[in-house]
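Chemist:
There are 2 protein chains.
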Amino acid sequence: MAQETGNAPVRVDLGERSYDIWAAPGCLNQIGEIVLHIVNPTRAVVVTGTGAVERYGRLAADRLDEAGIPTELLRLRSGERYKTLRAVERLYHGMLRSGLDRKSVVVAVGGGVVGDVAGFAAGTYMRGISFVQAPTTLLAQADAGVGGKTGVNLPEGKNLVGVFHQPRAVLMDTETLATLSARDYLSGMAEIVKHAFIRDADFLDWLRWNADRLDPARRDAAALAQAVRRSCEIKAAVVVADETEAGIRAVLNFGHTVGHALESLGSYRRLTHGEAVAIGMVAACRIGEELGITPSNVTMTVRETLRSIGLPTALPPGMEPEAVARHMMADKKATSGRPRFVLLQELGQPVYGVEADAAAVLRALERSRE
Amino acid sequence: MAQETGNAPVRVDLGERSYDIWAAPGCLNQIGEIVLHIVNPTRAVVVTGTGAVERYGRLAADRLDEAGIPTELLRLRSGERYKTLRAVERLYHGMLRSGLDRKSVVVAVGGGVVGDVAGFAAGTYMRGISFVQAPTTLLAQADAGVGGKTGVNLPEGKNLVGVFHQPRAVLMDTETLATLSARDYLSGMAEIVKHAFIRDADFLDWLRWNADRLDPARRDAAALAQAVRRSCEIKAAVVVADETEAGIRAVLNFGHTVGHALESLGSYRRLTHGEAVAIGMVAACRIGEELGITPSNVTMTVRETLRSIGLPTALPPGMEPEAVARHMMADKKATSGRPRFVLLQELGQPVYGVEADAAAVLRALERSRE
Chain L
806 MAQETGNAPV RVDLGERSYD IWAAPGCLNQ IGEIVLHIVN PTRAVVVTGT GAVERYGRLA
866 ADRLDEAGIP TELLRLRSGE RYKTLRAVER LYHGMLRSGL DRKSVVVAVG GGVVGDVAGF
926 AAGTYMRGIS FVQAPTTLLA QADAGVGGKT GVNLPEGKNL VGVFHQPRAV LMDTETLATL
986 SARDYLSGMA EIVKHAFIRD ADFLDWLRWN ADRLDPARRD AAALAQAVRR SCEIKAAVVV
1046 ADETEAGIRA VLNFGHTVGH ALESLGSYRR LTHGEAVAIG MVAACRIGEE LGITPSNVTM
1106 TVRETLRSIG LPTALPPGME PEAVARHMMA DKKATSGRPR FVLLQELGQP VYGVEADAAA
1166 VLRALERSRE
Chain R
806 MAQETGNAPV RVDLGERSYD IWAAPGCLNQ IGEIVLHIVN PTRAVVVTGT GAVERYGRLA
866 ADRLDEAGIP TELLRLRSGE RYKTLRAVER LYHGMLRSGL DRKSVVVAVG GGVVGDVAGF
926 AAGTYMRGIS FVQAPTTLLA QADAGVGGKT GVNLPEGKNL VGVFHQPRAV LMDTETLATL
986 SARDYLSGMA EIVKHAFIRD ADFLDWLRWN ADRLDPARRD AAALAQAVRR SCEIKAAVVV
1046 ADETEAGIRA VLNFGHTVGH ALESLGSYRR LTHGEAVAIG MVAACRIGEE LGITPSNVTM
1106 TVRETLRSIG LPTALPPGME PEAVARHMMA DKKATSGRPR FVLLQELGQP VYGVEADAAA
1166 VLRALERSRE
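Here the protein sequences come in this chain order: L and R.
Sequential numbering of the first sequence, starting at 806, is according to our numbering.
Sequential numbering of the second sequence, starting at 806, is according to our numbering.
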């Protein structure tokens, strides 16, 4: 990774739907001028969560108002269990009460749930109006803020309903990360490191060199902006190559085949997303070893990087390899019951769509007990 | 309009999202091979209405099954008041129970409501899966079958939620029109004639020459296929020029500014959509006369064509010009309370986005009392 490159936005090049990502400490203060310049909307609604994030929602609404955009604030209850059609429906009613028309904008200020629900509402209100995103968790900044995926859960499963709706702009203010719990902070860090693992060995070195600035106890906002920025560049390059998920975008799922099974086994409470993915990345390396694809020194680097950050790398006590394997077979992305894996040939060099036989997966998971 | 040109499908050219429209008597019998050839889905769900249309839904499901596509039938309650988020939600559950995945297809067999609701479900299930449409009313064949608009109503208003989701294929079987009520049949005919008024004076001549074959009492399926086909060609050409409704697509709203107000004033029960649009087209001609845009002989042709078909051309008793004008001001498409009109300079030559002063509109509506 090159030296620090200032605060020029990252361009996500999707033709007519291109947009910029700003990643900088305090950039939420610029939201008024950015939205005015890029969208020039008739009105705005800021959608935010409840709790600590609300003050950032208010801040954004104030800045939009000051820029001359009539703005109202709508709150969603925080938490994955409120990522429902009912929440979207409540937003529609609030958007209508606020008088949003086809030239208005929805601004999401919050974590992944707020972004997914507000983005889906924006993508379907009057067949789609402008959407601006200001993710306030490290997980959402590293991951959910790029890609255009929006949607909600159904009782039958997660993210079963949604649309691709690209934002007009994304603002990632790393000062908002100060109030996250250490676990949530590390959950996002897992996705950032994942981007380094799959695409950029230099970025991995930079992350390791700057580990103290990125430590949960310190959270240097400038270093975080650099990390988030590079993470977004990597994800944006992959998304641009494959906007609707036909192929190469699969590499972003490194660690997620096992990770999703672990999250689901723990009923989405025992492990954070990042913790599950961290364990899943090490397991994927071991599956790669079993198949002769991943060199053992790569596994070692992945494992040690994650451990030094403070992320788990072994199956939690009580999660048995057989149960994990069974859950993977049931994953909706498994074609005819055979899970597919993203594996590393080298740091920064993934292969995707690899099928592994059940015996190799089980051996790898056995080795992931510690 | 050229002489009858056989049953080659009409191509709607939207780049990667291009698709064909088949319009022919009995073409619903080919749905199995068409869907197999074009989509080759893992499974299908046929969404249909209740009542007379159900047999066409069953027919389509049988043909799909015979083509080797595992298919289930889902029924929506018929009627505009069931065009709701709740109906979409029920479809999601049915689609999940049927095991639809990202490579599956939703086939809508029914009128406009079935197409709009099923299309929205298809456009949002797992962020969008394939959709095939077989409209079975003349209104849906003439109008709703082209354009990619899908969606539902909210308590606050019609079509406030939706997505653009283009079908992979459209089948318009004119034999399904035999069981429509005469009023519903004529409602669709109003849209077909509208397409002739705004784009094709030769087609208008053809319609007038073939009036006896198109009479509600006769409904010659071959002549109807020709009429529907040409109507779709006209609409498709306009939609291709303006996929997401920024400009020229507005010409399709000829007669609709006044028409929507009349429908709303009659609580969507007193007048069919086509009846309201027929009255609205004559009113638009008179507004055009007031503004010096529409020659009076154009108004006369529009009025006489509609009357000869059996459509109304005057405001129904009790609908006062002032009340109609007030409703137009409240229309969601009116920018800052000023309704915009599509007016005819000549047959086949519309202008759009025309603002008219309230006095001219009132004078024109006064003349529309008879």
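No residue lacks a Cβ here, since even glycine has one placed at the ideal position from N, Cα and C.
Note that the structure is predicted; figures quoted are calculated from it, not measured.
Go ahead and pull the three-state DSSP assignment for L:M806.
Modeler: Here residue 806 of chain L is taken as the residue at index 1 of the first sequence, counted from 1. Low confidence applies here, because L:M806 scores a pLDDT of 47, under 50, leaving its location unreliable; read the following figure in that light. Residue state, collapsed to three classes: coil.
Chemist: Is it the case that the Cβ atoms of L:I997 and L:A947 are separated by a distance below 8 Å?
Modeler: Here residue 997 of chain L is taken as the residue at index 192 of the first sequence, counted from 1. Here residue 947 of chain L is taken as the residue at index 142 of the first sequence, counted from 1. Yes; because the gap between Cβ atoms is below 8 Å, this pair is in contact.
Chemist: How many Å lie between L:L1117 and L:S992 at the Cα?
Modeler: Here residue 1117 of chain L is taken as the residue at index 312 of the first sequence, counted from 1. Here residue 992 of chain L is taken as the residue at index 187 of the first sequence, counted from 1. The residue you asked about is not Leu; residue 1117 of chain L is Pro in the sequence shown. Near 10 Å, if we compare the C-alpha coordinates of L:S992 and L:P1117.
Chemist: Take every Cβ of the stretch 863-875 of chain R, pair it with every Cβ of the stretch 919-929 of chain R, and state whether three or more of those distances are shorter than 8 Å.
Modeler: In short, these stretches do not touch, since the Cβ pair count stays below three.
Chemist: With 8 Å as the threshold, decide whether the Cβ of L:Y1157 is near any Cβ in chain R.
Modeler: Translated into positions along the first sequence, residue 1157 of chain L becomes position 352. Taking Cβ atoms only, chain R never reaches closer than 8 Å to L:Y1157, which makes this a no.
Chemist: Can you give me the C-alpha to C-alpha distance between R:P1121 and R:T1110, rounded to a whole angstrom?
Modeler: Translated into positions along the second sequence, residue 1121 of chain R becomes position 316. Translated into positions along the second sequence, residue 1110 of chain R becomes position 305. Computed Cα separation, rounded: 19 Å.
Chemist: Curious, which full-length beta strand (DSSP E) runs of at least 3 residues does the stretch 882-927 of chain R contain?
Modeler: Runs of the beta strand (DSSP E) inside the stretch 882-927 of chain R: 910-915.
Chemist: R:F1059 by DSSP, collapsed to three states: which one?
Modeler: Within the second sequence, numbered from 1, the residue matching residue 1059 of chain R stands at position 254. Residue state, collapsed to three classes: coil.
Chemist: Of all the options R:Q835, R:G856 and R:T981, which has the alpha carbon lying nearest to the alpha carbon of R:E871?
Modeler: Here residue 871 of chain R is taken as the residue at index 66 of the second sequence, counted from 1. Considering only alpha carbons, the answer is R:Q835.
Chemist: In whole angstroms, give me the CA-to-CA distance for L:T853 and R:L878.
Modeler: Counting from one through the first sequence, the residue named residue 853 of chain L turns up at place 48. Counting from one through the second sequence, the residue named residue 878 of chain R turns up at place 73. Looking at the two C-alpha atoms, the distance is approximately 40 Å.
Chemist: If we count Cβ pairs, one from each stretch, closer than 8 Å, do we get three or more for the stretch 1012-1029 of chain R versus the stretch 975-994 of chain R?
Modeler: Flag = yes, the stretch 1012-1029 of chain R and the stretch 975-994 of chain R touch.
Chemist: Taking the beta strand (DSSP E) that L:T1106 belongs to, which residues open and close that run?
Modeler: Walking along the first sequence from the start, residue 1106 of chain L turns up at place 301. Unbroken run through L:T1106 is the alpha helix (DSSP H), S1101 to I1114; no beta strand (DSSP E).
Chemist: Quick test of the definition: if touching needs 3 or more C-beta pairs under 8 Å, does the stretch 976-992 of chain R touch the stretch 1075-1087 of chain R?
Modeler: They touch, by the three-pair rule.
Chemist: Name the DSSP beta bridge partners of L:F747, please?
Modeler: Only positions 806 to 1175 of chain L appear in the structure, and residue 747 of chain L is not among them; the question remains open.
Chemist: State yes or no: is the beta carbon of L:G933 nearer than 8 Å to at least one beta carbon in chain R?
Modeler: As a position in the first sequence, residue 933 of chain L is number 128, starting the count at 1. Yes, because at least one Cβ of chain R sits closer than 8 Å to the Cβ of L:G933.
Chemist: Name the residues in the stretch 880-901 of chain L whose C-beta lies less than 7 Å from a C-beta of chain R; which are they?
Modeler: If the cut-off is 7 Å between Cβ atoms, the stretch 880-901 of chain L has L890, E894, Y897 and L901 near chain R.
Chemist: Ends of the beta strand (DSSP E) at L:E1151?
Modeler: Residue mapping note: residue 1151 of chain L aligns to position 346 of the first sequence, counting from 1. Where L:E1151 is concerned, the enclosing beta strand (DSSP E) stretches over R1145 to E1151.
Chemist: What residues from chain R crowd round L:V852, counting only those whose CB sits closer than 7 Å?
Modeler: Working through the first sequence from its first residue, we reach residue 852 of chain L at position 47. Residues of chain R passing the Cβ test: none, with the nearest at roughly 16 Å.
Chemist: For R:V817, return the contacting residues in chain L, with the cut-off set at a CB-CB distance below 9 Å.
Modeler: Within the second sequence, residue 817 of chain R is the residue found at index 12, counting from 1. Simply none; closest approach about 18 Å.
Chemist: So which residues on chain R does L:K954 lean against when the C-beta distance must stay under 9 Å?
Modeler: As a position in the first sequence, residue 954 of chain L is number 149, starting the count at 1. The answer, in chain order, is R932.
Chemist: Ignoring anything shorter than 4 residues or poking outside the stretch 1002-1051 of chain L, list the alpha helix (DSSP H) runs there in chain order.
Modeler: Listed in chain order, the complete alpha helix (DSSP H) runs (minimum 4 residues) inside the stretch 1002-1051 of chain L are 1006-1014, 1016-1019 and 1026-1046.
Chemist: Where does the unbroken alpha helix (DSSP H) through L:I1092 begin, and where does it stop?
Modeler: As a first step, residue 1092 of chain L must be located in the first sequence, where it is residue number 287. That run of the alpha helix (DSSP H) goes H1078 to E1095.
Chemist: Around the Cβ of L:P960, are there at least 16 other Cβ atoms within 10 angstroms (buried) or fewer (exposed)?
Modeler: The residue given as residue 960 of chain L occupies position 155 in the first sequence. L:P960 should be labelled exposed.
Chemist: What did DSSP end up calling R:G933 once you bin it into helix, strand or coil?
Modeler: Within the second sequence, the letter at position 128 stands for residue 933 of chain R. Coil.
Chemist: Can you look up L:L965 in the DSSP assignment and give me helix, strand or coil?
Modeler: Counting from one through the first sequence, the residue named residue 965 of chain L turns up at place 160. Three-state result, L:L965: strand.
Chemist: Would you say L:T1062 reaches chain R, if we count a Cβ-Cβ gap shorter than 8 Å as a contact?
Modeler: Taking the first sequence and counting its residues from 1, the one referred to as residue 1062 of chain L is at position 257. No, because no Cβ of chain R sits closer than 8 Å to the Cβ of L:T1062.
Chemist: Return the CA-CA distance between R:I1053 and R:A1042, expressed in angstroms with no decimal places.
Modeler: On the second sequence, residue 1053 of chain R is found 248 positions in, with the first residue counted as 1. On the second sequence, residue 1042 of chain R is found 237 positions in, with the first residue counted as 1. Rounded to whole angstroms, R:I1053 to R:A1042 spans 10 Å at the Cα level.
Chemist: Would you list the residues sitting across from L:D824 in a DSSP beta bridge?
Modeler: Counted from its first residue, the first sequence places residue 824 of chain L at position 19. First, the residue type needs correcting, since residue 824 of chain L is Tyr and not Asp in the sequence shown. According to DSSP, which records beta bridges pairwise, L:Y824 is partnered with L:V817.
Chemist: The alpha helix (DSSP H) spanning R:V1166 covers which residue range?
Modeler: Counted from its first residue, the second sequence places residue 1166 of chain R at position 361. That run of the alpha helix (DSSP H) goes A1163 to R1172.
Chemist: Hey, is R:G967's beta-carbon within less than 8 Å of any beta-carbon in chain L?
Modeler: Taking the second sequence and counting its residues from 1, one reaches residue 967 of chain R at position 162. Cβ-Cβ to chain L under 8 Å: yes for R:G967.
Chemist: Cβ of L:G967 within 8 Å of Cβ of L:K954?
Modeler: One-based indexing of the first sequence puts residue 967 of chain L at position 162. One-based indexing of the first sequence puts residue 954 of chain L at position 149. Cβ atoms of L:G967 and L:K954: closer than 8 Å.
Chemist: Would you say L:G928 faces chain R, with C-beta separation under 8 Å as the test?
Modeler: Position 123 of the first sequence holds residue 928 of chain L. It does; some Cβ of chain R falls within 8 Å.
Chemist: Would you mind telling me which residues of chain R sit closer than 9 Å to L:L959, beta carbon to beta carbon, in chain order?
Modeler: Translated into the one-based positions of the first sequence, residue 959 of chain L becomes position 154. Neighbours of L:L959 on chain R, chain order: E894, Y897, H898 and L901.
Chemist: Does DSSP put R:T981 in a helix, a strand or coil?
Modeler: The sequence position of residue 981 of chain R within the second sequence is 176, counting from 1. R:T981 falls in the helix class under three-state DSSP.
Chemist: What three-state label does DSSP hand R:L1120 in the structure shown?
Modeler: Here residue 1120 of chain R corresponds to residue number 315 of the second sequence, with the count starting at 1. Here R:L1120 sits in coil by DSSP.
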